[in-house]
Amino acid sequence: MTVKPLLPEKPLHDWGLSPEDARKLQTTLSAQLTDEPLALDDISLVAGVDVSVKDNVSRAAIVVLTFPGMEIIEIERATRPTDYPYVPTLLTFREGPVLLKAFAKLQNRPDVYLFDGMGRIHPRQAGIAAHMGLWLNAPTIGVGKSHLLGNYDPPGNEKGDYSPLFYKGKQLGVVLRTRTNVKPVYISPGNRMTLASAIEIVMACTPKYRLPEPIRAAHNAAGDDDMID
DNA sequence: GCGACAG
DNA sequence: ATCTTGTCGC
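Each residue of the first sequence is one higher than the one before, starting from 14 at the first, in this note's numbering.
Structure (C-alpha cells):
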C-alpha cells in the first residue's frame, strides 16, 4: 500500500513564467485559498520553511518539530540553481522550485507549516505561504520579518500585543509582537488557515525569541554550509 | 508621475 | 537574501 503523497502527482502549474503571467496565476490561485481554523489540540507536528541564496545557488530547508515541545525530529534540504530574479510580490517564483524539491524528501506529515515570508499580506493575497499551501493542500502561515504593504498602527510593546494590517480596505493579517520591546513580525494565514488560528499557533511556537522556533531552525539548516543533496 | 517593495 | 564587529541594553 502507498501513503498519500505530500505533493500532488500533477504539478499545479509551471514556474519560469513572465512577471505578467506570474501575476495572473497568483490571482487565480488565491481564489482557491480556504479559511479553516486549526486548534492547538489538533497539532502534533509543525514545520519551519526557509530558503537561503549563495553564489547563485538556492538552498531550501524544511525542519519538522514536535508541538508544543518544539523538539526537532527531521531536517530535509535541497539545492538548485537560482534562476528567477528577486521581484517584490513574486518571491514564490524564485523560491518555489527548490522548496518543492525539499518537500518531496519529507518523511513526516506536518499538521501546519510556518513560512519565512508573507501569506495573504500580498497585493493578490498570494504570498509564498499561501501559494505553497496550495501545492501542499495543507495549513500554512506566513511569518514576515519586515513590511511589504498595508497600513497599521504600531502594536503595544508587550509580548502578544498585535494590531490589524489593512490593505485596500481589507484586513489581511496582523503585526504581532512576539517578544516584549522587540520589533514585531507580520502574520497572515496562508491556505486552510484562519487569522485567529495563525496568531495562536505562532505564539505557541515562539517561547523565547522573536521568530518562531520552526523558522529559526529552518533558517539555521538553510544557512549551514555543508550540504548533501 | 513618484515612492515602496517579503526574501 | 547577502556583505560584516563591536556594542548598547534588558
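The beta carbon of each residue, even a glycine, is placed where N, CA and C say it ideally should be. For clarity, every value in this text was computed on a predicted model and none was experimentally measured.
- Under the three-state reduction of DSSP output, K221 falls in the coil class, being neither helix nor strand.
- For D129, DSSP records a beta bridge to V156.
- By the Cβ test, the region 216 to 231 is in contact with the region 74 to 90, since at least three Cβ pairs between them sit closer than 8 Å.
- In this model, H135 and L162 are separated by some 7 Å (Cα to Cα).
- A straight-line Cα-Cα distance of about 32 Å links A234 and G169.
- The residue among V62, F106, P21 and Y175 with its C-alpha nearest the C-alpha of E33 is F106.
- Within the same chain, P32 come within 7 Å of V100 by CB-CB distance, once the 5 residues on both sides are set aside.
- Under DSSP, Q184 forms a beta bridge with F179.
- A check of alpha carbon separations from A117 across K221, L20, L224 and C218 identifies L20 as the nearest.
- According to DSSP, residue pairing for P94 in a beta bridge involves V70.
- Beta-bridge partners assigned by DSSP to Y165: none are found.
- For E108, the number of other beta carbons within 10 angstroms of its own is at least 16, and it is reported as buried.
- Within the same chain, and ignoring the five residues on either side of D48 in sequence, the residues whose Cβ sits closer than 6 Å to its Cβ are T207.
- Non-local beta-carbon contacts of A139 in its own chain, meaning distances under 7 Å to residues more than five positions away in sequence, involve Q39, L42 and S43 in chain order.
- Under the three-state reduction of DSSP output, L119 falls in the coil class, being neither helix nor strand.
- Within its own chain, the residues whose Cβ lies closer than 7 Å to the Cβ of A217, once the five positions on either side in sequence are excluded, are L53 and P81, listed in chain order.
- Cβ neighbours of K172 within its own chain (closer than 7 Å, five residues either side excluded): R190, T191, R192 and T193.
- Nearest to D68 by alpha-carbon distance, out of E213, Y222, T95 and Y126, is T95.
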